[in-house]
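The sequence shown begins at 418 in the working numbering and counts up one residue at a time. Each residue gets a CB set at the ideal place from its N, CA and C atoms; glycine is no exception. The structure under discussion appears below in the form of structure tokens.
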Amino acid sequence: MAQAPPVSSSAPATATTPAAIGTPPAGAAATAAAKPAPTAAELQRAAIALQRAAIRKQAENLGLWLMPLDEKPRREIADPPDCDPLEEKLVNPLIDDAAKQNGLEPKLIRAVVERESAFRPCAVSAKGAQGLMQLMPETAAELGVADPFDPKQSVDAGARYLKQLIDKYKGDLPQALGAYNAGPQNVDDSGGVPDLQETRDYVDAVLTRAGLKPAASTAKAADQAAKPADAPAKHADSAVKLPAASADAADAPAKPASTPTAPSAAPIKHPEALASPAH
């Protein structure tokens, strides 16, 4: 079978160089500007990926074979020993220290730890996340974690990573938690919390456990708070229909303009005053 002659590796680079340095379309520039700025960890990961691709390309040109990256030897962690949850007197100081160092609320970190590992330092997920804060091995390495099963290292690194995500999404806590669970790329592609049931349940559970999400009764009261805006319209409709009822009704004394709606307004507005501040 005839084959096309091999193409020099330098040819594509020369051909694509003008396009690479050209001015992007206005629409593409606007889309790029709308995306959040990448974190330092994401920039480092992208740089490593480019270096790996370049090395692999050079090896292919020389006829060499490289072992796939996903088959590289790992430390044996498939079956870690079972362990009991850490006692509060042991884990609380770790959480408090990490919260203070990263400017986070302890209750937020505690809610993440509880959701991620149920306070078990030896926890390993089906996808390979490890330790109290369930860091993936690549993320743990980027954060300088030597032992992902060490409670202090896990909490410190997990809190730092969570703070990076909160800064990346400009204080939007649901998006930051969504990125912690599903990865920043999924959040960037979705433009918000990814439409994944696992991720949405995760975000909801952490916010609720941390007391940063209104309870069901409060949310219901908040929904009812919007209904009084429709009440004046309904009242106006009834006032328009009154003259058509009968002549006797028209002669009846008019009711006071101030109906007993004012007392009910206070309980409706009260839950709004108790709503948690935006994060």
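How many Å lie between residue i and residue j at the Cα?
i       : j       : result
Val-530 : Met-550 : 5 Å
Ala-599 : Asp-584 : 17 Å
Ala-543 : Leu-503 : 21 Å
Pro-538 : Pro-568 : 6 Å
Tyr-578 : Glu-505 : 23 Å
Ser-571 : Val-508 : 11 Å
Ala-463 : Pro-601 : 13 Å
Met-553 : Ala-546 : 4 Å
Ala-558 : Thr-456 : 15 Å
Thr-616 : Leu-582 : 15 Å
Ala-627 : Pro-523 : 9 Å
Glu-555 : Tyr-586 : 21 Å
Leu-757 : Asp-513 : Past the edges of the chain, shown from 418 to 696, lies residue 757, and the structure says nothing about it.
Asp-564 : Asn-478 : 38 Å
What would DSSP say about residue i, mapped onto helix, strand or coil?
i       : result
Val-604 : helix
Val-562 : coil
Ala-540 : coil
Gln-547 : strand
Leu-503 : coil
Leu-552 : strand
Val-572 : helix
Gly-595 : helix
Tyr-578 : helix
Pro-510 : helix
Asp-584 : helix
Lys-630 : coil
Leu-467 : helix
Leu-590 : helix
Ile-438 : A caution first: Ile-438 carries a pLDDT of 48, below 50, which makes its placement in the model unreliable, though a value can still be read off. Correct three-state label for Ile-438: helix.
Ala-669 : Interpretation of Ala-669 is limited by its pLDDT of 47, a score under 50 that renders its predicted location unreliable; the figure taken from the coordinates is listed afterwards. In the structure shown, Ala-669 sits in coil (DSSP, three-state: anything other than H, G, I, E or B).
Leu-479 : coil
Spatial neighbours of residue i within its chain, please: C-beta separation below 8 Å, excluding the five flanking residues on both sides.
i       : result
Val-620 : Pro-591, Leu-594, Gly-595, Asn-598 and Val-610
Lys-452 : Asp-605
Asp-501 : Arg-537
Lys-580 : Asn-519, Gly-520 and Leu-521
Ser-534 : Ala-540, Gly-548, Leu-549, Met-550 and Gln-551
Leu-613 : Ala-599 and Asn-603
Ala-471 : none
Gln-461 : Glu-559
At what residues does the alpha helix (DSSP H) containing residue i begin and finish?
i       : result
Pro-523 : 523 to 534
Pro-453 : Element bounds for Pro-453: n/a, residue is neither H nor E.
Glu-615 : 614 to 626
Grab me the residues of residue i's own chain with a C-beta within less than 7 Å of its C-beta, minus the 5 sequence neighbours each way, in chain order.
i       : result
Ala-515 : Ile-526, Val-572, Asp-573 and Ala-576
Ala-622 : Arg-532
Report all residues from its chain with a CB closer than 6 Å to the CB of residue i; omit the five preceding and five following residues, and keep chain order.
i       : result
Phe-566 : Pro-538, Cys-539 and Gly-548
Val-562 : Gln-570 and Ala-574
Lys-630 : Leu-624
Ile-465 : none
Ala-528 : Val-623, Arg-626 and Ala-627
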